[in-house]
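Residue numbers (this note's numbering): 492 to 967. Notes follow the structure.
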Amino acid sequence: MADLSRRDIGKLVGASALVGGGLGTPAALAAPRDQSFPKDFVWGCATASYQIEGAYREDGRGLSNWDVFSHTPGKVANGDTGDVACDSYHRYREDNQLLKNLGARAYRFSIAWSRIFPEGRGTVNQRGIDHYNRVIDDLLANGITPYVTLFHWDLPAALPGGWQNRDTAYAFADYAGLMAGKISDRVKDIMTINEFLCFTDLGHKVGTKAPGLRLGPREVNHVRHNGLLAHGLGTQAVRASAKPGTRVGLAENAAFHIPVIETPEHIAAAKKATRDANAMFLTAVMEGKYPDFYLEAEGANAPKIQSGDMAAIGSPLDFVAINLYTAPYVQAADNKAGYTVLPPTATSPRMASPWLRVTPEAAYWGIRQVSELWNPKVLYVSENGCSTDDPAVNGMVNDADRVMYLRNYLGQFQRATAEGYPLKGYFLWSLMDNFEWEDGYTKLFGIHHVDFKTQKRTPKLSAAWYKEVIRRNALV
Ligand code: GBH
492 MADLSRRDIG KLVGASALVG GGLGTPAALA APRDQSFPKD FVWGCATASY QIEGAYREDG
552 RGLSNWDVFS HTPGKVANGD TGDVACDSYH RYREDNQLLK NLGARAYRFS IAWSRIFPEG
612 RGTVNQRGID HYNRVIDDLL ANGITPYVTL FHWDLPAALP GGWQNRDTAY AFADYAGLMA
672 GKISDRVKDI MTINEFLCFT DLGHKVGTKA PGLRLGPREV NHVRHNGLLA HGLGTQAVRA
732 SAKPGTRVGL AENAAFHIPV IETPEHIAAA KKATRDANAM FLTAVMEGKY PDFYLEAEGA
792 NAPKIQSGDM AAIGSPLDFV AINLYTAPYV QAADNKAGYT VLPPTATSPR MASPWLRVTP
852 EAAYWGIRQV SELWNPKVLY VSENGCSTDD PAVNGMVNDA DRVMYLRNYL GQFQRATAEG
912 YPLKGYFLWS LMDNFEWEDG YTKLFGIHHV DFKTQKRTPK LSAAWYKEVI RRNALV
């Protein structure tokens, strides 16, 4: 339908150009393209515990691997830590008001596992549970729906061997089951795990994230498998202990690919590239097995799979949530894989974080590829946003670059909804400037500026823009 009307507009524009010599505005051209989102689209913002909470030794919280990592000299820019961060542990009411002022319907935040189980497993710290109950109750009192992530990288430091130890997956399941039992009377959407690649590969192979190791391929594959197993056992545990009607999913930064030209051969090549690139993560979760090509390529280094593992990992999900930032272009090719991934060039536009290339079409193709490959019932964008350098101009934080970025990505998400893909909501990363992992406070993703000396929050230009998008339920 949308295509037809666009074609009609094209005809009209062509005709009027012939007749009118290009002067004046044809009526069809003046009519704005419908850029609205589906009714009941869930507009929200996202954060994560270690990046915003601070209060790292308060109310019985145990240390996490990110406390250890950020306190190790040389690991994080400027020696920054999350000891205080945005102090949201104490200021959550104020943060919830920021959401309310935006008109946001939902908030995605994560629970710090080590506040609940200071030792990772065993003794429960009731004060940790009380804290999140207060956060949830305050959100609900303000008409904001909580979406809770159970693990966003802050692993209890006390767990022996961390993710190298298979037992950590079982510890996660205990924690997931406990929390689901405590919050599912009020929280209906639970995400097990955020982004496998970051705590597996970047933590254990590249070493830029906690715990900062550089292990060999066999050990890395075991870490990946333990991460997937945690998701699978965690999903089962949530289902076993949550109130009926609780929905379970995960938040994954799947690797997507943009076809260089929108023709059937490049579209098919890009889709295959996406299934291949996620073989050890989302593909395994959605298909309940590692693709054969992956196991063959890894050979003796392939993960050791025990009976029941893949059934747990492939547990059916109620929704799939995608953290979507950037993706490369892909071209069909006459080689074994059937495609070539095009490397970015020196002039590829990027935001403040060097890895964050501006590729808005990734938004549309990401949603379409997940839908076509695995047909999930419901999709969310659990994160999308960017880092910018935000000078204050006339008392306003000028992040027009962020508005440019968001407008372009949202346009592509809108296309996906208009074509009928089941995208039900969008969580902007991030509600406010926060601790950006190994970049510390040098890369800022917030639509609210945070003065880390005074903890004052100030809406940026992008917050005003996002508020208007939410108000209209349409791209502005
Ligand atoms: C998300 O990860 C995280 O969930 C969130 O906590 C974070 O604050 C946000 O994005 C912004 O970064 O130079 O090759 O090591 C985003 C996906 C994938 C982005 C890994 C950084 C490292 C690139 N991340 N990537 S590399």
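C-beta: ideal position from N, C-alpha, C; glycine also.
Using only alpha-carbon positions, find the residue among Lys679, Leu864 and Pro950 that is nearest to Val888. Nearest to Val888 by C-alpha distance, out of Lys679, Leu864 and Pro950, is Pro950.
Continuous alpha helix (DSSP H) assignments of at least 4 residues falling wholly in the region 589-635: Complete alpha helix (DSSP H) runs here, min 4: 604-607 and 617-632.
Could you give the distance in angstroms between the alpha-carbon of Asn744 and the alpha-carbon of Arg599? Roughly 15 Å separates the two Cα atoms.
May I ask which residues mark the beginning and end of the alpha helix (DSSP H) holding Thr659? For Thr659, the enclosing alpha helix (DSSP H) begins and ends at Asp658 to Ile674.
When every heavy atom of the ligand GBH is checked, does at least one fall within less than 8 Å of the C-beta of Tyr917? No, the beta carbon of Tyr917 sits no closer than 8 Å to any heavy atom of the ligand GBH.
How about Asn556: is its Cβ closer than 8 Å to a heavy atom in the ligand GBH? Distances from the CB of Asn556 to the heavy atoms of the ligand GBH are all 8 Å or more.
Could you spell out where the beta strand (DSSP E) holding Phe918 opens and where it closes? Judged by DSSP secondary structure, Phe918 falls within the beta strand (DSSP E) whose first and last residues are Leu914 to Trp920.
Let me check you understand the geometry: is the CB of Glu874 closer than 8 Å to at least one non-hydrogen atom of the ligand GBH? Taking 8 Å as the cut-off, the C-beta of Glu874 counts as close to a heavy atom of the ligand GBH.
Assuming Met682 is part of the alpha helix (DSSP H), what are its boundary residues? Careful: Met682 lies outside any alpha helix (DSSP H), inside the beta strand (DSSP E) at Asp680 to Asn685.
Suppose contacts are defined by Cβ-Cβ distances below 9 Å. Is Ser732 in contact with Ala671 by that definition? Yes, the pair counts as a contact, with Cβ atoms nearer than the cut-off.
Mind checking whether the beta-carbon of Tyr871 lies closer than 8 Å to any heavy atom of the ligand GBH? No, since every heavy atom of the ligand GBH falls outside the 8 Å radius drawn around the Cβ of Tyr871.
Would you say Asn744 touches the ligand GBH, meaning its beta carbon is less than 8 Å from a heavy atom? The ligand GBH approaches Asn744 closely enough that one of its heavy atoms is under 8 Å from the residue's Cβ.
Under 8 Å from any heavy atom of the ligand GBH, does the C-beta of Phe936 make it? It does: the Cβ of Phe936 is within 8 Å (strictly closer) of some heavy atom of the ligand GBH.
Would you mind stating whether Phe642 and Thr683 have Cβ atoms separated by less than 9 Å? At the C-beta level, Phe642 and Thr683 come within 9 Å of one another.
So, under 8 Å CB-CB, Phe687 and Arg715 are touching, yes? Tell me the CB distance rounded to an integer number of Å. Confirmed, about 7 Å.
Closer than 8 Å: Tyr816 CB and nearest the ligand GBH heavy atom: Distances taken from the Cβ of Tyr816 to the heavy atoms of the ligand GBH include one shorter than 8 Å.
Leaving out five residues on either side along the sequence, give the residues of the same chain with a beta carbon under 6 Å from the beta carbon of Ala664. Close CB contacts of Ala664 within its chain, under the 6 Å cut and outside five residues either way in sequence, are with Leu724, Gly725 and Ala728 (chain order).
One or two residues paired with Thr640 in a DSSP bridge: Thr640 has Ser601 and Met682 as its beta-bridge partners, per DSSP.
Do Gly740 and Val811 come within 9 Å of each other at the CB atom, strictly closer than that value? At a Cβ-Cβ threshold of 9 Å, Val811 and Gly740 count as neighbours.
Express the C-alpha separation of Leu870 and Arg498 in angstroms, rounding to a whole number. Note that Arg498 scores a pLDDT of 35, beneath 50, so its modelled location is shaky and nothing firm can be said.
Let me know the secondary structure DSSP gives His716 once reduced to three states. Three-state result, His716: helix.
For Glu863, the first and last residue of its enclosing alpha helix (DSSP H): Per DSSP, Glu863 belongs to the alpha helix (DSSP H) from Glu852 to Trp865.
Just to confirm before moving on: does the CB-CB distance between Ile961 and Arg596 stay below 9 Å? Yes, the pair counts as a contact, with Cβ atoms nearer than the cut-off.
Below 6 Å CB to CB, which residues in the same chain sit around Asp525 once its five sequence neighbours on both sides are set aside? There are no such residues.
Just verifying my parser: in three-state terms, what is the DSSP assignment at Asp942? Assigned with DSSP and collapsed to three states, Asp942 falls in strand.
Starting from Tyr830, follow its DSSP beta bridges and name the residues at the other end. The bridge partners DSSP lists for Tyr830 are Ala823.
Cβ of Glu874 within 9 Å of Cβ of Tyr816? Between Glu874 and Tyr816, the CB-CB gap stays under 9 Å.
Could you compute how far the alpha carbon of Ala859 sits from the alpha carbon of Met771? The amino acid at residue 859 is misidentified as Ala; the sequence shows Arg. Going by the C-alpha atoms only, they are around 20 Å apart.
Return the chain-ordered list of same chain residues with a C-beta closer than 6 Å to the C-beta of Leu514, the five sequence neighbours on each side being excluded. The predicted position of Leu514 is uncertain, since its pLDDT is 46 and thus under 50; a value taken from the coordinates is nonetheless stated next. Correct list: empty, nothing qualifies.
In angstroms, rounded to a whole number, what distance separates the CA positions of Val832 and Glu753? Those two C-alpha atoms are separated by around 15 Å.
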